[in-house]
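Here numbering that gives the first Met the number 0 is used: the first residue of the sequence shown is 0, the next is one more, and so on.
In this text, a Cβ means the ideal position worked out from N, Cα and C, and glycines have one as well.
All figures in this text were calculated on a predicted structure; none of them were measured in a lab.
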Amino acid sequence: MAGHEESDRTLDGAPGAPLRINQFIFTDQVKQTSLEARLSNAQEGGFNWVAGAYYLKDKTDFGTTLFYEDSRFTQIETDYHQKRDSFALFGQVDWRLFDRLTLTGGLRYTTESSNYFGSTIDANPYGISLGVGLPLPVFFDNDFDDDNLSGRASAKFDLTRSLSIYGAYGRGYKAGGFDGTSIFSAPEALSFKSETVDSFEGGIKWFPASNLFNLSVDGFHYSFKNLQSSTATPNGNVRTNIAAAKLKGVDVTGTLNLVRTETQQLTFDVGATFLDSEITRFESSNPVLVTLNLGNNLPAAPKASGHARLAHSIALMPDWRLRSSVDVTYKGSEYKRLDNSLSSKTEAYALLNLRLELQNAASGISLYGYVRNVTNERYYVDIAGPSRLIGAPRTFGAGARFAW
0 MAGHEESDRT LDGAPGAPLR INQFIFTDQV KQTSLEARLS NAQEGGFNWV AGAYYLKDKT
60 DFGTTLFYED SRFTQIETDY HQKRDSFALF GQVDWRLFDR LTLTGGLRYT TESSNYFGST
120 IDANPYGISL GVGLPLPVFF DNDFDDDNLS GRASAKFDLT RSLSIYGAYG RGYKAGGFDG
180 TSIFSAPEAL SFKSETVDSF EGGIKWFPAS NLFNLSVDGF HYSFKNLQSS TATPNGNVRT
240 NIAAAKLKGV DVTGTLNLVR TETQQLTFDV GATFLDSEIT RFESSNPVLV TLNLGNNLPA
300 APKASGHARL AHSIALMPDW RLRSSVDVTY KGSEYKRLDN SLSSKTEAYA LLNLRLELQN
360 AASGISLYGY VRNVTNERYY VDIAGPSRLI GAPRTFGAGA RFAW
């Protein structure tokens, strides 16, 4: 598999105020190329395996103009560039030790390297700059190199033909790197370390032979080290390693087949997730920040969330089928920042969605229409003080698909 993406973006951050105090313009160009190859056994049996390699190369050019004309009679200009290469080898084996027990093991070796260079200067376009109280200009040229061996091991035991239990341990890896926002001092341009997470999971899965329903209950516990997040500095927020944290929870999903005939099906799906998170260590030279963050919930970790979906399918005539669905998604209140300030807390919300699709099996043509957020619920995707990122309003859509 191979992929290549390129994007160009310009973002005008005009605050809508008459004075140019917080106005900015962002411009960035991103190029990314990825390659992946896999090799596996030709026929599945008691011992199955897969091995592969993955390569990623990307380049980012980022520039910003910060307007201070109406306060300091100047402009601040940034010019940043990052090049990154990532290479990984991975493999996994599934071994059915005997009829009821399956063991799985996998490893992944990853190597990362990146270079981050650029500058932040007081452009002083009018020759009358009053400065902005920062040690400018700042020039930097830094490298980051790291490698990691991560993996996962699990065991699944079939108690009966329809009921099984499983347990798993895994170690995940998130490469370190550099903060991509405006850099106003040399230390802010230094790299941060890679993040790791140890995961423990276990649960049961029940799929009765009658196929009337199925049920899955999964419990998990994640332990994060060198957690990467944005934290406050004298010059603003910078992404770095700030904490250790834990996240535990339970995920429950089920499906009930209410009607299942040759011409008609009616299915009800439901799921819920319950989370509990805590920042167990916070690293900062500022004791106030430690007090504000230690023991808090992780950002974007609501105590409860869930969904419910009712899907109907009916054969209208030979080769034609009408499918319809109504679903509700719920997301509990959550904090969007580590300090768990009230100004970063979003309220709980529920969204109602509808979909209708007419399919022709012979031709492969499908016509569909949908309505998302039927009740036009107003909700926030992100919130930080006076800033709000509002979720999508009621949205109508229609389209056609062709399969061959």
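Helix, strand or coil for residue i per DSSP?
i    : result
V325 : strand
S33  : strand
N296 : coil
D57  : strand
V373 : coil
L288 : helix
E277 : strand
D98  : coil
R8   : strand
A242 : strand
L341 : helix
D78  : strand
R71  : helix
E187 : helix
N256 : strand
S181 : coil
A402 : coil
S362 : coil
K335 : coil
L226 : strand
S386 : strand
Q22  : coil
I127 : coil
G62  : strand
A391 : coil
L133 : coil
A310 : strand
Y378 : coil
A1   : strand
S283 : coil
Can you check DSSP and say which residues form a bridge with residue i?
i    : result
Q91  : V49, G105
S39  : V49
L351 : V327
G305 : A271, Y329
M316 : W319
G368 : L355, A397
N141 : Y115
W205 : L162, L214
K488 : It is not possible to answer for residue 488, since the shown part of the chain is limited to 0 through 403.
E194 : K173
Y221 : S198, L246
T266 : N256, A310
S85  : L55, E111
Am I right that residue i and residue j are in contact with their C-beta atoms under 8 Å? What's the rounded C-beta distance?
i    : j    : result
G305 : Y334 : 19 Å between Cβ atoms; not a contact.
N339 : N296 : 6 Å
R332 : P298 : Rather than Arg, the amino acid found at residue 332 in this sequence is Ser. So it is not a contact: roughly 12 Å between Cβ atoms.
Q74  : F66  : 6 Å
R71  : V131 : 5 Å
Y165 : A174 : So it is not a contact: roughly 29 Å between Cβ atoms.
W48  : G12  : So it is not a contact: roughly 51 Å between Cβ atoms.
Please say whether residue j and residue i have beta carbons closer to each other than 8 Å?
i    : j    : result
F219 : E200 : yes
R371 : N352 : yes
V251 : Y221 : no
L38  : A1   : no
L274 : L309 : no
P254 : F212 : What sits at residue 254 in the sequence shown is Thr, not Pro. Against a cut-off of 8 Å, the Cβ pair of F212 and T254 comes out as a contact.
F116 : D144 : no
L350 : V327 : yes
F23  : T59  : no
F86  : Y54  : yes
F191 : Q227 : yes
D69  : I20  : yes
R107 : G150 : yes
F223 : A208 : no
S342 : G384 : yes
F156 : R95  : no
T103 : A152 : yes
I278 : A303 : no
Y378 : L388 : no
N256 : D318 : no
T345 : I382 : yes
Q81  : S113 : yes
Sorry if obvious, but does the Cβ on residue i come closer than 7 Å to a heavy atom of the ligand ATP?
i    : result
N339 : As far as ligands go, the structure on display features none, and thus does not contain the ligand ATP.
Is the segment 393-400 touching the segment 356-369, taking contact as three or more C-beta pairs under 8 Å? yes
Does the contact criterion of 3 or more C-beta pairs under 8 Å hold for the segment 114-129 versus the segment 160-170? no
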